[in-house]
Amino acid sequence: MSNKEHFYKNVYKIAIPVTLQSLLMALLNLTDQLMVGQLGDVAIASVGMSTKIYGIIAVVLAGLSTGVSIYTAQFWGKKDTKSVSQVLGLGLIVGFAFSFLFSAAVFLDSPLFLSMFTTDVNVTENGYIFLKIMSIGFVPVMLTMMYSAILRSTGYAKWPMYASLITVVLNIVLNYLLIFGHFGAPEFGLKGAAIATLISRFFECLLIIGAVYRYRLPGAVGLKNLFIIPKPLIHKFFRTVFPLLLNELIWVLGETAYAVIYSRMGTMEMTAMTITFPLQGLCIGLLSGLASAAGVMVGNRLGANETDLALDHAKRFIRLGIVISLIVGGVIAAGSKLYVSAFNISEDAKQMGIYVIIVFAGFLWVKVSNMIMAGGILNSGGDSKYVFAMESTATWIIGVPSGLLLSYVWKQPVYLVYLVLSLEEVVRFGLGFSRIYSRKWMKNLVEDLTV
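Numbering (the numbering used here), first residue to last: 1276 to 1726.
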């Protein structure tokens, strides 16, 4: 089998299950939005702001799970299964501490967190109940992400996909029952959507962990092998993960700043942006499998000291991402009007939503390329410090200042603000592309770590 054939065989094996799982989870969010969308503008905005709070913990856990994936992929390429279990143990310890504390804080004072994003009293009062219930599920989300990272990085990506498929079906059914009160179920409205999501997250967590131990997949070890971790691995892991966590924190603060900008422009503008989030998630989810596959496959090759093959894989992934995302961008731009028509909102909000979708479609290929380069390729070699510098510079020197000027000083419409904010992606692309061709990111992180 040629290198090209072997490359695409592994892409299909890893990228397709990850893509399907991401699409399923985006479908879950889209279903929530569409069903809640029948309750009106305020309900949609309430869910949107609550989702932004959840996004804080989600991205931090994503940074941690990325660190778990980086080391797992390289240890797997080195055929060191014991260290894979120890990496999982590290992820679980740190993840539990953060998710439990954040869950408790949000549960005890949900209105405080919502007030960071909006001054709309209607949104705060409605979002309060939704967010409080959602916060209970933060720890199960952490467990799902850590075990999924291990499975994907060792070539067992289909198992998280199966769990997500079952979860999405369950969530849709529970939404239908609990939001609208069908088949004798109580009609909880917005509260019902939160309960449905919470139940689904617990169920998904149990499915994935159950599958790991039932079928003896990577990570199915006792507490002794899971939590007895050598100090050299701990030190090296945190040297890599700390910039990842900082990067995710800086990113989420940037996204928070953007959310504040949009929300304070008005409820209609906030609604227009909020209805596009599920579609954006769906599109990014469609192509997220490429970034995951890039991280695993390039990481495997670096762990095996095959640097030339690692660089060849990196170039192939970038080209593949650009071609596919250009096609997807054209499709969603063409269908933007049909998409916004599914929401029960004002005509002005629908028109704004269409413009936002068109802007997103135009920048999709850049966003996807950056996701593959930063989230997949550069991180696979432990180049997290450079990624942190690249991401934070683009967000806080270009994105946030331009957004504040356009919205508050020059009073431009929300879609034009979003257009200018998206230019930061172009800067990231140039920095990431030049870094990959420099080969400075290509490091074997596990070469000096023994079993």
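For glycine and all other residues, C-beta sits at the position ideal for the given N, C-alpha and C.
Computed from a predicted model, the values in this text were never measured in an experiment.
_Ile1607 and Ala1636 closer than 7 Å at C-beta_ = yes
*Is it a yes or a no for the segment 1346 to 1353 touching the segment 1573 to 1580, going by three-plus beta-carbon pairs under 8 Å?*
yes
*Cα separation between Ala1532 and Asn1278?*
44 Å
_Between which two residues does the alpha helix (DSSP H) holding Val1721 run?_
Run containing Val1721: none; DSSP gives neither H nor E here.
*Return yes when the Cβ of Met1540 is within less than 7 Å of the Cβ of Ser1659, no when it is not.*
no
*Where in the segment 1463 to 1533 do unbroken runs of the beta strand (DSSP E), each at least 3 residues long, occur, reported from the N-terminal end onward?*
none
_Let's see if you can read the secondary structure: which residues bound the alpha helix (DSSP H) around Val1684?_
Element bounds for Val1684: n/a, residue is neither H nor E.
*asked:* Could you compute how far the alpha carbon of Asn1285 sits from the alpha carbon of Leu1492?
replied: 19 Å
*Which value, in whole angstroms, describes the spacing of the CA atoms of Tyr1693 and Ile1620?*
20 Å
*Can you grab the Cα-Cα spacing for the pair Asp1395 / Asn1719, in whole Å?*
51 Å
*Sort Phe1592, Gly1678 and Tyr1422 by Cα distance to Val1643 and report the nearest one.*
Phe1592
*asked:* Taking 7 Å as the threshold (C-beta atoms), are Phe1552 and Val1641 in contact?
replied: no
_Can you confirm whether the segment 1369 to 1376 touches the segment 1430 to 1440 when touching is taken to mean that 3 or more C-beta pairs between the two stretches lie within less than 8 Å?_
no
*What span of residues does the alpha helix (DSSP H) with Tyr1451 cover, start to end?*
Lys1433 to Phe1455
*DSSP state of Val1726, grouped into three classes?*
Confidence is the limiting factor: at Val1726 the pLDDT is only 49, short of 50, which leaves the residue's position unreliable and the question unanswerable from this model.
*asked:* Contact between the segment 1406 to 1417 and the segment 1470 to 1480 is defined here as three or more beta-carbon pairs at a separation below 8 Å; is this criterion met?
replied: yes
*Spatial neighbours of Leu1524 in its chain, beta-carbon cut-off 7 Å, leaving aside the 5 residues before and after*: Val1335
_Please classify Trp1685 as buried or exposed, where buried requires at least 16 other C-beta atoms within 10 Å of its C-beta._
exposed
_Within 10 Å of its beta-carbon, does Met1648 have 16 or more other beta-carbons around it, so buried, or fewer, so exposed?_
buried
*Only counting runs of 4 or more residues, tell me where the alpha helix (DSSP H) segments fall wholly within the segment 1648 to 1706, in order along the chain.*
1659 to 1668, 1675 to 1679 and 1689 to 1696
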